[in-house]
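Numbering (the working numbering), first residue to last: 21 to 209.
One structure is given below, encoded as structure tokens.
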């Protein structure tokens, strides 16, 4: 469009130049350097625009096409990056949910382990208490048995001593009479 406008202007200048030349004079030598330079410049610009314009238009069209292709590729990459970002966000959300589930499961498991430890400790305490009570009873029984044996042994020793000291016939007669009375009382009932 721009080049078409320039072509048109160059053509108008050339046309106006030739229309201002008086008829009958024809082509000849023009001594006015300014007009000659303008004509030469116009002709050169016209030739450059007509021949170089197509090449320049082609270069600009190629450049435009390259820029459009680059923009399309950039858009495509942006879409791919957006999709990857969305996938990463989805995976992050899934990972957060999974971590939350694992944390909750860990808390539940820890609570269960805690209760189990408390229960087991209570059971152990009860068993130890029972063992302590059994041990105390056993030791008590042993002590009672030892004391009983010592008391019986001491009593027997004292009875032996008394018997040895009082063994006379009168004592024997009184013990025998006592036993006869007990036996008689026992038979009569």
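Note that the Cβ used here is the ideal one computed from N, Cα and C, for glycine as well.
Which same chain residues end up closer than 6 Å to residue i when comparing Cβ atoms and leaving out the 5 residues on each side of it in sequence?
i           : result
residue 136 : none
residue 41  : Its pLDDT being 48, under 50, residue 41 is placed unreliably in this model, and the coordinates cannot settle the point.
residue 101 : none
residue 44  : Low confidence applies to residue 44: its pLDDT is 47, below 50, so where it sits in the model is not reliable enough to give any reading.
Could you tell me the alpha carbon to alpha carbon distance between residue i and residue j, rounded to whole angstroms?
i           : j           : result
residue 192 : residue 167 : 32 Å
residue 124 : residue 138 : 21 Å
residue 171 : residue 163 : 12 Å
residue 158 : residue 148 : 15 Å
residue 140 : residue 105 : 51 Å
residue 126 : residue 134 : 12 Å
residue 176 : residue 185 : 14 Å
residue 154 : residue 161 : 10 Å
residue 109 : residue 84  : 37 Å
residue 180 : residue 173 : 10 Å
residue 54  : residue 76  : 29 Å
residue 68  : residue 81  : 18 Å
residue 112 : residue 78  : 50 Å
residue 194 : residue 169 : 30 Å
residue 99  : residue 61  : 52 Å
residue 146 : residue 118 : 41 Å
residue 120 : residue 143 : 34 Å
residue 63  : residue 91  : 40 Å
residue 116 : residue 152 : 52 Å
residue 203 : residue 156 : 44 Å
residue 97  : residue 103 : 10 Å
residue 131 : residue 114 : 25 Å
residue 200 : residue 178 : 25 Å
residue 196 : residue 165 : 33 Å
residue 122 : residue 129 : 10 Å
Tell me the residue span of the alpha helix (DSSP H) that contains residue i.
i           : result
residue 171 : 73-185
residue 63  : 53-67
Residues in the same chain with beta-carbon distance under 8 Å from residue i, minus the five sequence neighbours each way, listed in chain order, please.
i           : result
residue 233 : Limits of the chain in this structure are 21 at one end and 209 at the other, which puts residue 233 out of reach.
Near residue i, which residues of its chain fall below 7 Å by C-beta distance, leaving aside the five closest residues on each side in sequence?
i           : result
residue 190 : none
Check whether the Cβ of residue i lies closer than 8 Å to any heavy atom of the ligand GDP, and answer yes or no.
i           : result
residue 106 : With respect to small molecules bound, the structure shown includes none, and the ligand GDP cannot be examined in it.
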